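Participant:
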Amino acid sequence: MEYNFSEIEAQVQAFWREHDVYKVTENPNRPPFYVLDMFPYPSGAGLHVGHPLGYIASDIFSRYKRSKGFSVLHPMGYDAFGLPAEQYAIQTGQHPEVTTEINIKRYREQLEKIGFSYDWSREVRTSDPAYYKWTQWVFARLFESYYDTKSNSARPIESLVAHFEEHGSEGIHAYTHTPCSFSREEWLAYTPQEKSDVLMNYRLAYLGESVVNWCAELGTVLANDEVSEGVSIRGGHPVEQRKMKQWCLRVSAYAERLLTSLETLEWTDALKEMQRNWIGRSEGAEVDFEVEGTHTRFTVFTTRPDTIYGVSFMVLAPESDLVREITTPEQKAAVEEYLAATKRKTERERIADRRVTGVFSGAYARNPLTGAVIPIWISDYVLAGYGTGAIMAVPAHDTRDFAFARHFGLPITQVVLPNGEEPSETDSWEDAKASKEGTLINSGILNGLSVADAIKTMNSHIEKEGLGKVKVNYRLRDAIFSRQRYWGEPFPIYYKEGIPTLVADDQLPLKLPEVDAFLPTETGEPPLGRAANWHTPEGYPYELSTMPGFAGSSAYYLRYMDPHNDHALVGEEANRYWRHVDLYIGGTEHATGHLIYSRFWNKFLFDLGVVCEDEPFRKLVNQGMIQGRSNFVYRIKNSNTFVSLGKKDEYDTTEIHVDVNIVHNDKLDLEAFRAWRPEYNTAEFITEEDGSYQCGWAVEKMSKSMYNVVNPDDIIASYGADTLRLYEMFLGPLEQSKPWDTKGIDGVHRFLKKLFGLFYKGEDLAVTDTAPTPEELKSLHKLIRKVGQDIEQFSFNTSVSAFMICVGDLQHLKTSSRAILEPLLVVLSPFAPHITEYLYRALGNSGSIVDAEWPQFEEKYLVESVTKYPVSFNGKVRFTLEIAASATPQEVESAALSAPEAAKWLEGKQPKKVIVVPGRIVNIVL
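First residue of the sequence shown: 7, per my numbering; consecutive thereafter.
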């Protein structure tokens, strides 16, 4: 019987669907285990072979844990809102909901073909109103909450209002960037609008002014990863930095908790370090500087207050309101020109750009300790959102300050402590001193102190003299939560007399309205401004912006636990059973976006008592990328003739990417190439001596523009889903990036044919009830141990090698014993679920192999009954002897000397010495 993978896989998938094999419930008799994939955005291009890599790994782990007795939650859904669908709608007029539904259908078909163990009854889509009802509900709770710095948790905003009504602002412990000061009487006298404005300074979801990436052509704010080199990635339209009123989430309130609880997680050190850097905790002091000749004061944050004596210039962020206030008339034109240029860069690009740029404001500040007058500059290497948006520069203590000072010819200074410490962080400082550029500044009151003691002393002095205050600062920003788009979650907000007001919970979801076009209005309002009757029954207008993509993805893992609950985001019973995600698999590109926001979202819900765990993802594994293996043809210039790789150096050629799907093991299908594109239908070829056309190749990012995208549907059609799954794991370690190369896929497919051949002889099942031999048991149990260890360590590639070795051994042993072959199927089933399910049922089992128990490893079968001893004469091996493993060294010596093969080498001589290394070797010295 032939291994007909197409027929087998279709039959098995129908069996799974018919019997709801992958449906999971909260089973109190089984321990829970939650395995989650980062859900995909369903693009029109569908999946390529790089996308399923992490999904296959999580599926293997899910199936393994189920066979080990766990109730496994392994769901899948779609991150269905987003700019690509909206842009397509703008271009074609087709509603994003329609194209999203088409794309999801294609993704679902592709995922089902690969044979994943997803419980599709729990599928979620972020664009489904039944889903985004709960995103809106969480936003409403954030709007109704503030962060209490005393209890370190979210509290109802009503309790803050009650405090204001009794005590005013005195004695509050509320996190804010802009604290307010007012009495009880003043609060009670405030208008509703004034009270709303004050509360906006404390709400966890608030309306505030933020610097955003504004794309006028697209009519929306863009995230940093949607912008490159001053233009939008989608469409290449100009983008500028602009201050706008935006809805924001006060993520920064949770910075310390986000930082400290990292230590409780089973994440890689590299991933934790990325989060630590993104949160960016630093201890220092805020110091006030006065602008010379004015009463204007501004504050800088510094981690090195001990260097304040050596400040040689100040730098403001271009976005600082202070820039226009202090710029002198003589410098106004130059400053305006610089600000315009800066608007074209995102913050991410400014951080990465090492080029020195800046402009002098014309103004000066006075050093509060020394009284020295210091020039104030403006530069894009200072960011408005970090610290105070202003820095004091002591060039020898900071690389970028040093580069800036050298570029603009500013004084280069370093504070030197008399005990000999020179806390320079700049490699070029010694050069600056040698060339007399550098100036050593006396450290005043810090004489004789170490750097650590000097920092403590200066912090104390700053607070005592009223020059500033000691503070812990974080790089983590509040999240901008508005997008001027159509295809996103509507905010549950309307404006009553201009005051943002929540839509009542029983009116959720607030659904997206119909619009006549997906563009901004003629007056520049977001697309929702086109909707007729986009207001409450009382006539109050709804918010026109929508939520960003990360809104729907921040809590999707919770909804999977209880997807059909109409009364709660997640019910208490379901949450207490599943608790958290035990294993999360996804790419490192989400390390500082999605993972930060999800952790923040979860901690907030934990404060509210909605969830029972403070952290959502206990263990996280980042899969690498499957890169494309591009192929090239070489066209002779000014011709339509193509020369093979081996002869290209004989001609003047142009290298051209060619579709990898018409190349097989780097050999071009000539007729397929002629049919590929019209300009090549008359192509001529100069081939190798054997008549083949050999293509060049390179490893590159898998991309349509490089024609190296491999569709998993094509691989499944040619080899089957089980071959695809095994091969993706066989390519290399899960965490590493590796190239897709179909050269090895034939070997994996042959392995499955060999496996099938163990079970069938002709058309008949060849499995018997004969007792297994010790050799067969040894091979099986080596595999059970190896694969179990590999799965737990995510070393799936070495498991595939172990399967090949085991099947080869069993083929050599002519194994037919059910006691060996059935457990073999169970161990292989997480990797190749279709063929193993088919053969398992062919053996007469009525249930699914998914529910079969993982075979128990038994050490005794790996204990050797005999030992092979190489027997040497004067150090040269002459023959090998099999002796019982339990034999003593004396028995081994006797057996070696009395062996028939020994007579030839002894030649009647009496050995001078016999050396026996137990279990290893016998050496006879003559």
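All residues carry an ideal CB built from backbone N, CA and C; glycine is no exception.
Given the structure is predicted, the values throughout are model-derived calculations rather than measurements.
#1: With a 10 Å radius around its C-beta and 16 neighbouring C-beta atoms as the bar for buried, classify Gln199 as buried or exposed.
#2: Determine the contact status of Leu816 and Ile826, defining contact as a CB-CB distance below 9 angstroms.
#3: Out of Tyr370, Leu277, Arg256, Ile285, point me to the one whose CA is closest to Thr302's CA.
#4: Helix, strand or coil: which one does DSSP assign to Ser878?
#5: Determine whether the beta carbon atoms of Val509 and Gln862 lie at a separation below 9 angstroms.
#6: On the criterion of 16 or more Cβ atoms from any shown chain inside 10 Å, does Ile120 qualify as buried, or is it exposed?
#7: On the DSSP letters alone, give me the boundaries of the alpha helix (DSSP H) that Arg4 sits inside.
#8: At what residues does the alpha helix (DSSP H) containing Phe414 begin and finish?
#9: Answer yes if the stretch 228–246 comes into contact with the stretch 63–82, meaning at least three C-beta pairs across the two stretches below 8 angstroms, and no otherwise.
#10: Closest by CA to Thr804, which one among Ala838, Leu740, Asn571, Gly75?
#11: What span of residues does the alpha helix (DSSP H) with Val341 cover, start to end?
#12: Give me the Cα-Cα distance between Ile921 and His787, rounded to the nearest whole angstrom.
#13: Where does Phe837 fall in DSSP's three states?
#14: Per DSSP, what kind of secondary structure is Met708 in: helix, strand or coil?
#15: Less than 9 angstroms separating the beta-carbons of Val928 and Ala890?
#16: Between which residues of its own chain and Pro424 is the CB-CB distance below 6 angstroms, once the five residues before and five after are set aside?
#17: Going by C-alpha to C-alpha distance, which of Gln896, Phe885, Ala893 sits closest to Ala905?
#18: Where do the N-terminal and C-terminal ends of the alpha helix (DSSP H) with Glu782 fall, by residue?
#19: Between the Cα of Ile62 and those of Arg605, Ile797, Tyr566, spot the shortest distance and give me the residue it belongs to.
#20: State the DSSP-derived secondary structure class of Cys812, mapped to helix, strand or coil.
#21: Count the other CB atoms, across all protein chains shown, that sit within 10 Å of the CB of Asn714; report buried if there are 16 or more and exposed otherwise.
#22: Cα separation between His292 and Lys29?
#23: Since Ala689 contacts Asn646 with CB under 8 angstroms, what's their CB separation in whole angstroms?
#24: Quick one: Cα of Val716 to Cα of Trp284, how far?
#25: Can you have a look at Val12 and say buried or exposed, based on whether 16 or more other CB atoms are within 10 angstroms of its CB?
#26: Go to Pro906, then tell me how far its beta strand (DSSP E) extends in each direction, as first and last residue.
#27: Once the 5 residues before and after Leu732 are set aside, which same chain residues still bring their CB inside 7 angstroms of it?
#28: Would you report the Cα separation of Gln795 and Gly75, rounded to the nearest angstrom?
#29: Please name the residue, chosen from Ser238, Pro374, Asp720, Leu213, that lies closest to Cys221 on a Cα-to-Cα basis.
#30: What residue range is occupied by the uninterrupted alpha helix (DSSP H) comprising Ala460?
#31: Do the CB positions of Ser64 and Arg36 come within less than 9 angstroms of each other?
#32: Measuring alpha carbon to alpha carbon, tell me which residue in Phe610, His818, Phe21, Tyr492 is nearest Glu531.
#33: Only counting the same chain, and skipping five residues up and downstream in sequence, which positions put a Cβ closer than 6 angstroms to that of Pro429?
#34: What number of angstroms, rounded off, separates the C-alpha of Ile108 from the C-alpha of Val329?
#35: Which word fits Lys351, buried or exposed, when buried means at least 16 other C-beta atoms lie within 10 angstroms of its C-beta?
#36: Could you tell me whether the stretch 391–409 touches the stretch 316–336, using the rule of 3 or more Cβ pairs below 8 angstroms?
Facilitator: According to the structure shown:
#1: In the sequence shown, counting from the first residue as 1, residue 199 sits at position 193. Exposed: under 16 other Cβ atoms inside 10 Å.
#2: The residue labelled residue 816 in the question sits at position 810 within the sequence shown. The residue labelled residue 826 in the question sits at position 820 within the sequence shown. Against a cut-off of 9 angstroms, the Cβ pair of Ile826 and Leu816 comes out as a contact.
#3: Locating residue 302 in the sequence shown gives position 296, counting from the first residue. Among Tyr370, Leu277, Arg256, Ile285, the Cα nearest to that of Thr302 is on Tyr370.
#4: Taking the first residue of the sequence shown as position 1, residue 878 is located at position 872. Ser878: strand per DSSP, three-state reduction.
#5: Numbered from its first residue, the sequence shown carries residue 509 at position 503. Numbered from its first residue, the sequence shown carries residue 862 at position 856. Here Val509 is not near Gln862, since their CB atoms are 9 angstroms or more apart.
#6: Working through the sequence shown from its first residue, we reach residue 120 at position 114. Burial call: buried.
#7: The question about residue 4 has no answer, for the chain in this structure spans 7 to 932.
#8: Reading the sequence shown from its first residue, position 408 is the one you call residue 414. Looking at the DSSP string, the run of the alpha helix (DSSP H) that includes Phe414 is 405–414.
#9: No, the stretch 63–82 does not touch the stretch 228–246.
#10: What you label residue 804 is simply residue 798 of the sequence shown in a count that begins at 1. Taking the Cα of Thr804 as reference, the smallest distance to any Cα among Ala838, Leu740, Asn571, Gly75 is reached at Leu740.
#11: Counted from its first residue, the sequence shown places residue 341 at position 335. Here the alpha helix (DSSP H) through Val341 covers 338–348.
#12: Locating residue 921 in the sequence shown gives position 915, counting from the first residue. Locating residue 787 in the sequence shown gives position 781, counting from the first residue. Between the C-alpha atoms of Ile921 and His787 there is a straight-line separation of about 34 angstroms.
#13: If you number the sequence shown from 1, residue 837 lands on position 831. The DSSP-derived three-state label of Phe837 is coil.
#14: In the sequence shown, counting from the first residue as 1, residue 708 sits at position 702. Secondary structure at Met708: coil, using DSSP grouped into helix, strand and coil.
#15: Residue 928 sits at position 922 when you count from the first residue of the sequence shown. Residue 890 sits at position 884 when you count from the first residue of the sequence shown. Going by C-beta atoms, Val928 is not nearer than 9 angstroms to Ala890.
#16: Here the question's residue 424 lines up with position 418 in the sequence shown. In this prediction, Pro424 scores a pLDDT of 48, lower than 50, which makes its location untrustworthy; the coordinate-derived value is nonetheless stated afterwards. Cβ neighbours of Pro424 within its own chain (closer than 6 angstroms, five residues either side excluded): Asn453, Gly454.
#17: The sequence position of residue 905 within the sequence shown is 899, counting from 1. Comparing Cα positions, the closest option is Phe885.
#18: Against the sequence shown, residue 782 aligns to sequence position 776. Per DSSP, Glu782 belongs to the alpha helix (DSSP H) from 780–799.
#19: Taking the first residue of the sequence shown as 1, we reach residue 62 at position 56. Of the candidates Arg605, Ile797, Tyr566, the one whose C-alpha sits nearest the C-alpha of Ile62 is Ile797.
#20: To locate residue 812, count along the sequence shown from 1; it is residue 806. Here Cys812 sits in helix by DSSP.
#21: What you label residue 714 is simply residue 708 of the sequence shown in a count that begins at 1. Its Cβ being crowded by 16 or more others within 10 Å, Asn714 is buried.
#22: Within the sequence shown, the letter at position 286 stands for residue 292. Within the sequence shown, the letter at position 23 stands for residue 29. Residue identity differs from the one stated: residue 292 is Glu in this sequence, not His. Those two C-alpha atoms are separated by around 57 angstroms.
#23: Start at 1 with the first residue of the sequence shown, and residue 689 comes out as number 683. Start at 1 with the first residue of the sequence shown, and residue 646 comes out as number 640. Going by Cβ atoms, the distance from Ala689 to Asn646 rounds to 5 angstroms, so yes, they are a contact pair.
#24: Here residue 716 corresponds to residue number 710 of the sequence shown, with the count starting at 1. Here residue 284 corresponds to residue number 278 of the sequence shown, with the count starting at 1. In this structure, the straight-line span from the alpha carbon of Val716 to that of Trp284 is close to 35 angstroms.
#25: For the purposes of this step, residue 12 is taken as residue 6 along the sequence shown, with counting starting at 1. Contrary to the premise, residue 12 reads as Ser rather than Val in this sequence. Classification for Ser12: exposed.
#26: Within the sequence shown, numbered from 1, the residue matching residue 906 stands at position 900. Annotation: Pro906 is outside any beta strand (DSSP E); the continuous alpha helix (DSSP H) that includes it extends over 906–912.
#27: For the purposes of this step, residue 732 is taken as residue 726 along the sequence shown, with counting starting at 1. Here the set comprises Val754, Val806, Phe837, Ala838.
#28: Numbered from its first residue, the sequence shown carries residue 795 at position 789. Numbered from its first residue, the sequence shown carries residue 75 at position 69. Taking the straight line from one Cα to the other gives about 17 angstroms.
#29: The count along the sequence shown starts at 1 and reaches residue 221 at position 215. The residue with the shortest Cα to Cα distance from Cys221 is Ser238.
#30: Counted from its first residue, the sequence shown places residue 460 at position 454. Segment 457–470, the alpha helix (DSSP H) holding Ala460.
#31: The residue you call residue 64 lines up with position 58 of the sequence shown. The residue you call residue 36 lines up with position 30 of the sequence shown. Going by C-beta atoms, Ser64 is not nearer than 9 angstroms to Arg36.
#32: Locating residue 531 in the sequence shown gives position 525, where the first residue counts as 1. Of the listed residues, the one whose Cα sits closest to Glu531 is Tyr492.
#33: Position 423 of the sequence shown, counted from the start, is the residue given in the question as residue 429. Unreliable placement is indicated for Pro429, whose pLDDT of 47 sits below 50; no coordinate value is reported for it.
#34: Here residue 108 refers to the residue found at position 102 when the sequence shown is read from its first residue. Here residue 329 refers to the residue found at position 323 when the sequence shown is read from its first residue. Between Ile108 and Val329, the C-alpha separation is close to 50 angstroms.
#35: Here residue 351 corresponds to residue number 345 of the sequence shown, with the count starting at 1. The residue in question, Lys351, is buried, as its Cβ has 16 or more Cβ neighbours within 10 Å.
#36: Short answer: they touch.
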